[in-house]
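Residue numbers (the UniProt record's numbering), protein chains in the order written: chain V, 1 to 903; chain C, 1 to 903.
We put the beta carbon where it would ideally sit given N, CA and C, even for glycine.
Computed from a predicted structure; not experimentally measured.
Working notes for the structure below.
There are 2 protein chains.
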Amino acid sequence: MAKWVYAFGGGFAEGGLADRDLIGGKGAGLAEMSALGLPVPPGFTLSTEIGRLYLASGHVFPDGLADEVDGALAAVGRIAGRRFGDARDPLLVSVRSGAAVSMPGMMDTVLNLGLNDETVEGLARVSGDRRFAFDSYRRFIQMYGHVVLGLDHGLFEEKLEDYKLARGLVLDGELAAEDWQAVSDLFKGLVIEETDAAFPQAPTAQLWGAIRAVISSWNNPRAVAYRRMNAIAGDAGTAVTVQAMVFGNLGETSATGVAFTRNPSTGEKILWGEFLPNAQGEDVVAGTRTPQDLTERARQETGSEAASLESLMPEAFAAFSAVADRLERHHRDMLDLEFTIERGRLWMLQVRPAKRTIRAALRSAVEMAGEGLISRAEAVARIEPRTLDQLLHPTIDPENGADLFARGLPASPGAASGAVVFTPDEAELARTQGRKVILVRVETSPEDVHGMHAARGILTTRGGMTSHAAVVARGMGKPCVSGAGGIRVDFKAGTMTAGGRTIRRGDTITIDGGTGQVLIGAVPLREPELSGDFATLMRWADDFRTLKIRTNVDTPADARAARSFGAEGIGLCRTEHMFFDQRRIAVVREMILAETPAARADALARLLPMQRTDFASLFEIMSGLPVTVRLLDPPLHEFLPTGDAEIEELSAAMGIPPARIRARSEALAEANPMLGHRGVRLAISFPEIVEMQIRAILEAALDVGEASGRPVELEIMVPLVASKAELDLIYQRIRAAEAQVVRLHGRAPRYELGTMIELPRAALAAGDLARSASFFSFGTNDLTQTTFGISRDDAAPFLNAYLALGLMPSDPFATLDETGVGELIRIATERGRAVRPGLKIGVCGEHGGDPASIRFFAGLDFDYVSCSPFRVPVARLAAAQAALARAGITGAGLPASAEAPAV
Amino acid sequence: MAKWVYAFGGGFAEGGLADRDLIGGKGAGLAEMSALGLPVPPGFTLSTEIGRLYLASGHVFPDGLADEVDGALAAVGRIAGRRFGDARDPLLVSVRSGAAVSMPGMMDTVLNLGLNDETVEGLARVSGDRRFAFDSYRRFIQMYGHVVLGLDHGLFEEKLEDYKLARGLVLDGELAAEDWQAVSDLFKGLVIEETDAAFPQAPTAQLWGAIRAVISSWNNPRAVAYRRMNAIAGDAGTAVTVQAMVFGNLGETSATGVAFTRNPSTGEKILWGEFLPNAQGEDVVAGTRTPQDLTERARQETGSEAASLESLMPEAFAAFSAVADRLERHHRDMLDLEFTIERGRLWMLQVRPAKRTIRAALRSAVEMAGEGLISRAEAVARIEPRTLDQLLHPTIDPENGADLFARGLPASPGAASGAVVFTPDEAELARTQGRKVILVRVETSPEDVHGMHAARGILTTRGGMTSHAAVVARGMGKPCVSGAGGIRVDFKAGTMTAGGRTIRRGDTITIDGGTGQVLIGAVPLREPELSGDFATLMRWADDFRTLKIRTNVDTPADARAARSFGAEGIGLCRTEHMFFDQRRIAVVREMILAETPAARADALARLLPMQRTDFASLFEIMSGLPVTVRLLDPPLHEFLPTGDAEIEELSAAMGIPPARIRARSEALAEANPMLGHRGVRLAISFPEIVEMQIRAILEAALDVGEASGRPVELEIMVPLVASKAELDLIYQRIRAAEAQVVRLHGRAPRYELGTMIELPRAALAAGDLARSASFFSFGTNDLTQTTFGISRDDAAPFLNAYLALGLMPSDPFATLDETGVGELIRIATERGRAVRPGLKIGVCGEHGGDPASIRFFAGLDFDYVSCSPFRVPVARLAAAQAALARAGITGAGLPASAEAPAV
């Protein structure tokens with residue numbers, strides 16, 4: 001016969017920690033503590049299978065379950081020394097949910113179950129506290145009425161308020177035993193009024209009603225929403241734990257509390273928590289009384305006048321301290337505990353891994369490794385890589401109140417304050433004047449990049465997490481809030497409005513790109529700290545990983561930042577970003593608008609020294625580390641001005657009629673620029689641009705290599721390649737440009753030639769491409785766009801709906817789609833290596849900084865991933881975890897969430 | 001030792017027809033004729049391997065070749081009874097190129113080789129014609145001087161003209177033997193002047209010079225360009241045939257001529273050709289004398305007064321007739337022959353398959369099958385499917401002179417005349433007034449479709465072979481010339497200008513979409529004829545094919561045309577095309593601009609009966625054949641007006657402020673609409689549109705099925721699907737709409753649900769998709785776009801360069817790219833069938849009408865291809881050929897070109 005009920009208590013337990021899926025997190029923790037001989041009120045758990053069967057069968061329990069429950073309940077009674085339903089000395093129980101994955105507060109609980117008009121008298125007698133007994137009874141009726149019978153809480157509160165009003169009572173504490181008895185009667189009357197049935201008096205009927213309600217609460221809207229937000233499967237179902245009640249509200253030697261084995265904010269190894277004397281758990285949560293500190297030290301630090309548990313109940317405290325210590329050593333992790341002290345006796349009610357801040361996660365992991373509690377590998381495996389992002393940027397000090405103006409998407413982490421400006425030119429002017437500004441745009445385009453560089457942060461009212469603003473800001477490591485649709489910008493008036501309030505040009509705001517908040521005024525920020533535990537853990541991570549971490553940068557500032565974060569080279573240098581510099585864009589435009597080869601050559605000749613200088617700086621900073629330079633990629637129309645004013649300006653500067661500029665712009669315009677005249681197609685149409693770029697790259701490498709004595713490890717790659725024929729033609733032109741460098745300088749630096757793989761066809765033709773290319777760099781942004789047929793710029797209106805409807809597990813531009821895009825990558829990797837065994841393979845799309853994607857790339861034995869500078873630490877850690885996972889070491893089961901503890 | 005030289009002559013030959021690759025087409029033909037015992041002047045062929053070795057080695061011949069040539073030359077002498085270089089009775093030879101694939105006139109030839117100051121006297125003596133001997137000598141010097149020594153023809157012509165002028169001579173015929181001798185001397189002097197070396201007198205030196213020159217002419221610019229245009233490999237090289245000269249210019253009993261075994265224009269079985277008495281081959285080509293008819297019948301038909309060969313030299317004619325007949329029976333094909341009659345004796349100089357018109361190809365194939373010369377399968381295999389296009393449309397009568405205004409791309413075949421209009425509304429107005437017009441646009445968009453329907457033909461000044469105009473016009477079977485970049489349109493003035501000439505609104509022009517010509521005035525047209533040989537051959541083709549041919553149509557007129565061309569169902573009905581109808585677009589716009597679900601529902605309710613009528617007509621016409629309906633695909637902004645005038649109009653009609661229309665348009669605008677909010681994504685965002693479409697489809701099918709007693713074979717498919725989750729959601733909505741139909745009507749028709757495969761991800765996830773979809777339809781247009789990352793709308797600027805540079809073998813939007821797109825199709829087909837063995841698979845992209853692509857689809861055992869109506873016959877034939885090719889029956893080696901014969 002199937003087993004559905006798992007008992008625990010009295011130093012014994014069926015099941016333990018390993019059985020979370022079967023008996024839920026709560027049940028597993030209680031079973032484990034019970035088996036360890038710790039003081040746990042006896043109880044039993046109905047398995048998650050029962051939960052699933054019940055929901056799937058149309059609310060029917062399997063035959064035999066009732067017998068199992070009866071048996072388990074009798075066993076609980078034997079241990080507790082009381083019988084369920086015994087009118088003289090009743091056993092009361094709690095009925096709680098417990099899913100495999102913690103969903104705190106999302107499902108329902110019933111306490112004090114087993115009370116009725118008879119047993120309440122028994123409880124009064126045995127406890128010697130009639131007021132306690134009737135208070136418990138009315139609480140039970142209210143809770144049961146709400147959870148099981150579906151009545152509104154407010155109805156009960158009203159009755160209680162009416163009662164108090166009629167008698168001139170204000171605080172609950174003023175009600176005596178008789179009052180609570182009267183209230184209980186009123187509540188029972190309410191149940192009859194509302195349900196046309198009496199409040200169930202039979203304890204067994206109460207029990208089954210509660211079990212059914214708790215199981216069904218798996219599908220309440222709150223729980224469904226939580227699962228969707230946290231990507232928890234909807235068909236796992238919940239277990240139900242039925243446990244003997246203990247009471248923290250049985251007078252001054254009773255108490256109830258919660259504790260963490262270490263400080264969940266800082267990670268410091270000190271018992272940390274709070275308690276309430278003479279109270280039940282719900283009082284702590286309700287917040288009507290102020291909880292007191294657990295330890296004397298904490299009391300002194302907070303300057304509280306209320307006694308600590310340590311001083312108030314030294315014996316119980318000592319017992320709890322010992323239990324906490326034993327549990328942490330047993331679980332080898334920082335824990336979140338719940339306990340009750342009933343007339344001086346300690347009872348443990350819950351144990352689970354503690355939610356903690358990233359700082360606490362780092363410190364506890366490093367210190368536990370120091371204490372020998374866990375290995376360094378386990379310490380590394382326990383940190384969720386994404387959470388590192390919070391450490392690398394200034395953040396809003398959560399201690400400070402803030403005035404929320406609007407909310408957008410958390411597009412690029414970090415917080416920044418500054419005066420509002422509405423154009424990139426204003427931003428640039430402000431920088432030259434030493435003023436800090438936040439650039440506000442509807443959306444950004446490459447023409448805004450100089451303004452984005454000049455600003456402290458970027459706020460857009462349109463565009464998603466992968467809009468131009470978001471991608472560029474992340475690349476720059478600058479805070480960005482995107483798609484703040486509630487804000488309306490009036491550029492002419494120089495104002496923005498949201499929720500009826502208006503901010504003017506020059507007013508100060510603060511944006512938090514980690515949360516999407518836009519705040520009024522300058523909010524105090526907390527600066528990042530990259531030494532200490534962070535540095536230690538990253539060093540350990542580096543010892544484990546094999547994947548190299550490079551960075552996608554185009555500017556010296558970004559390159560320096562990336563090296564400080566541990567980048568081991570540049571995996572993507574986008575040469576076009578250099579073109580957008582204010583001083584250069586004019587020459588670039590001349591080059592594009594040139595009507596003769598001679599005019600174009602002239603403009604290119606002026607660009608050459610500029611590009612050479614750019615490359616030289618990057619090569620110097622990277623000092624012998626590999627640098628991958630990508631040839632010009634975007635369609636030329638991206639460089640041309642579009643607004644009338646800008647066209648007039650360019651016209652005046654170049655002495656070309658505006659109409660001709662407009663005509664050329666229109667001639668270059670494309671219906672689908674993403675699939676247009678760009679990448680290698682430009683290199684084929686405009687050989688002279690390739691020639692200039694190659695000269696600039698090779699000459700810079702030559703100079704830096706000779707000046708520094710360290711040869712530049714140079715890699716040149718061609719974007720948007722679809723076939724070997726394209727690659728061969730460009731390689732031929734590159735070799736020709738090299739020959740020119742040799743003619744001019746007598747020599748040329750060594751370099752490797754590779755290709756981007758960013759089109760499905762390139763992935764399929766990878767065997768061919770590998771005959772010519774000595775390395776592959778996967779451009780997963782474009783590859784995702786073409787594989788899915790989704791433009792990142794246009795995806796927002798439907799992609800959000802897709803995610804909400806569960807049609808996609810995650811945004812494919814954030815986390816690699818393994819089924820489609822991943823398969824093309826696998827195919828390309830296999831075919832490329834089959835032809836050229838030593839083929840170097842890396843990735844330079846946004847996915848290079850995404851932990852789940854990095855695990856995938858590591859699984860294919862990539863040589864490196866390349867990501868934006870601020871993602872480098874994330875990638876280092878994720879790469880280490882990928883290597884550890886292959887060796888069987890994971891942080892699973894002990895989630896170190898970034899969420900601050902709820903208490 | 002390798003063999004490089006292949007001899008023929010005297011009833012013997014080394015090699016034959018099967019050796020075209022080795023000894024070239026010319027050499028193979030001569031060898032074959034010689035082996036058949038036909039009168040062929042003896043000679044030998046240097047293999048193509050020699051050509052390749054010579055060019056690859058830097059112009060060096062392998063050791064031993066000279067000996068082989070000497071031996072072969074001696075053998076020729078023995079058969080001819082003359083020795084090469086013999087001063088008394090010299091053997092003269094011709095040296096000609098001969099590639100495996102015919103490249104007529106592209107490479108060089110030297111005749112009369114072996115003449116020098118001594119042998120010319122011997123020739124004079126033996127021939128008894130001193131004038132002939134010195135005329136031959138001067139011709140040789142000129143030809144050799146040009147081909148081998150690189151001198152300009154003009155230099156020789158000048159000398160000759162000066163000589164004639166000085167002596168008052170006008171015609172060449174007036175020059176006597178002495179004159180030609182003097183001219184020979186002048187020519188030799190010219191050679192010394194220009195080359196600083198005497199004209200080579202040693203026949204062996206002459207021979208090797210000529211061989212080198214002929215081999216090298218493989219790489220002359222003319223030949224290179226020809227190969228590029230005709231997709232002939234550049235590394236095949238040419239063979240060289242050295243053959244004893246025979247002379248058609250040895251008096252009145254000599255002649256030279258060319259002939260076809262059947263009429264190359266009509267295919268009629270009658271010897272057809274022309275000759276010149278007393279002339280050499282080059283005289284026929286030069287066109288200075290009018291050639292005479294071969295047969296009496298032809299002479300009578302043309303009304304020529306010059307005698308026919310049949311009457312002039314009856315014996316030689318009879319001999320030639322017999323040879324021609326024997327050769328046709330031997331080759332089992334219509335042939336192109338060259339012959340010379342030397343003093344009454346017939347010599348055959350060339351045999352090759354005849355170039356012929358498509359009419360001649362059809363008639364000769366059908367008649368040869370009737371004669372039992374070839375099988376029906378071979379007849380079917382011999383017709384190039386593309387050429388059928390010419391038969392299905394009116395064409396410009398080539399007999400008529402025409403005034404060329406400009407030239408564009410041959411975007412959609414057929415010719416049409418009409419008055420020029422510049423807007424779709426003018427076109428529509430003209431139709432209601434019964435006027436024929438040609439719609440001229442810079443480029444077209446979906447808003448122009450009603451005007452395209454109303455016009456007789458479409459001319460655009462921008463856009464390629466796969467632009468909107470081209471694709472839509474082909475779909476409609478309407479003539480279209482696209483991308484006529486030389487024309488400048490002035491819409492305000494209502495004029496268009498090209499080459500300094502201006503055409504005004506209302507002026508009549510004629511366009512030929514088969515050639516890209518734009519002609520001034522109304523040029524007479526030749527109407528298509530689909531019966532007779534065409535019908536016979538198509539009937540035969542249908543017997544051989546297994547692939548079904550469906551059609552892509554949206555209107556009743558197209559559906560009827562497609563059935564008349566033999567379509568076996570509709571493979572793609574684009575429901576959105578129905579939306580563009582003038583009467584409906586307003587309602588569609590209301591639906592899109594609706595600001596409440598109720599307003600949208602109202603507009604949809606008005607669209608429902610319209611769509612139902614549309615579907616009902618198509619179902620009726622298809623009368624029980626399968627019909628595949630695709631749900632709405634294009635992004636909604638395509639339906640909104642863009643011009644101010646149109647917006648004002650819509651604003652007035654709908655009572656919505658223009659600003660709101662503009663705002664909605666802008667909100668819907670996309671950076672890359674091809675990768676945007678379209679296809680299944682629309683169906684997900686706007687369930688009410690799906691609901692309306694499904695109701696319209698099912699109700700129409702119900703009505704037609706019951707009225708006709710023939711149930712509609714209905715297939716519904718979802719566009720732009722990337723994952724099974726999308727498909728399942730839409731299927732669920734379709735089932736819900738079906739349930740609604742059942743509620744309303746008590747029943748619903750049967751239908752199948754399938755998916756388009758037009759994204760790489762869909763191809764990779766095909767196994768998943770096949771779990772839900774019961775058929776696949778490959779949308780190869782979109783699949784090509786995403787696989788290559790190339791937008792068809794934007795490809796022209798670089799795709800043409802790609803084709804010119806040889807970076808792509810062909811336009812991937814015209815002929816399927818088998819390496820990339822084809823592999824995805826293969827993967828999808830395998831995975832889909834692995835999951836669902838009976839999975840129905842078809843293709844509905846443009847490639848469904850391309851013969852090479854059809855061969856690929858047939859190879860994967862597709863169930864059907866679907867193409868535009870006018871491509872249906874092409875597809876039927878191509879499908880038959882694909883089936884025959886798998887059985888080993890091809891038309892290869894006997895190309896039936898559409899090109900008219902050059903003579």
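Own chain residues within Cβ distance below 8 Å of residue i, not counting five before or after
{"i": "C:SER623", "result": "SER708, ARG710"}
{"i": "C:GLY25", "result": "GLY98, ALA99, ALA100, VAL101, SER102, ARG352"}
{"i": "C:THR546", "result": "ALA858, ALA879, ALA883"}
{"i": "V:TRP218", "result": "GLY51, LEU55, SER97, ALA99, MET107, GLY237, THR238"}
Cβ neighbour criterion (16 or more within 10 Å) applied to residue i
{"i": "V:LEU111", "result": "buried"}
{"i": "C:ASP793", "result": "buried"}
{"i": "V:SER412", "result": "buried"}
{"i": "V:GLY506", "result": "exposed"}
{"i": "C:LEU877", "result": "buried"}
{"i": "V:GLY58", "result": "exposed"}
Whole-Å CB distance - residue i paired with residue j, under 8 Å assumed
{"i": "C:ALA722", "j": "V:PHE199", "result": "Wrong, their Cβ atoms sit about 55 Å apart, outside the cutoff."}
{"i": "C:PHE44", "j": "C:TYR6", "result": "6 Å"}
{"i": "C:LEU271", "j": "C:ALA255", "result": "No, C:LEU271 and C:ALA255 are not in contact; Cβ-Cβ is about 15 Å, not under 8 Å."}
{"i": "V:GLY457", "j": "V:PRO479", "result": "4 Å"}
Spatial neighbours of residue i in its chain, beta-carbon cut-off 6 Å, leaving aside the 5 residues before and after
{"i": "C:ILE232", "result": "VAL101"}
{"i": "residue 958 of chain C", "result": "Since the first and last residues shown for chain C are 1 and 903, residue 958 of chain C lies out of range."}
Close Cβ partners of residue i (< 7 Å) along its chain, the five nearest in sequence each way excluded
{"i": "C:HIS330", "result": "LEU36"}
Opening and closing residue of the beta strand (DSSP E) in which residue i lies
{"i": "C:MET368", "result": "Unbroken run through C:MET368 is the alpha helix (DSSP H), 358-371; no beta strand (DSSP E)."}
{"i": "V:PRO353", "result": "345-353"}
{"i": "V:ASP403", "result": "403-407"}
Limits of the alpha helix (DSSP H) - the one that residue i falls within
{"i": "C:THR780", "result": "780-788"}
Worksheet item: Could you give the uninterrupted runs of the alpha helix (DSSP H) lying entirely in the stretch 214-283 of chain V, keeping only those of 4 residues or more?
Response: Taking only runs of at least 4 residues, the alpha helix (DSSP H) segments lying wholly in the stretch 214-283 of chain V are 221-229.
Discussion item. Suppose only complete runs of 4+ residues qualify. What are the alpha helix (DSSP H) ranges in the stretch 538-582 of chain V, listed by chain order?
Written reply: DSSP runs (the alpha helix (DSSP H)) wholly in the stretch 538-582 of chain V: 556-564, 575-579.
Discussion item. Runs of 4 residues minimum, wholly inside the stretch 116-174 of chain V: which ones carry the alpha helix (DSSP H) assignment?
Written reply: Those alpha helix (DSSP H) runs which fall completely within the stretch 116-174 of chain V and span 4+ residues are 119-127, 130-147, 153-167.
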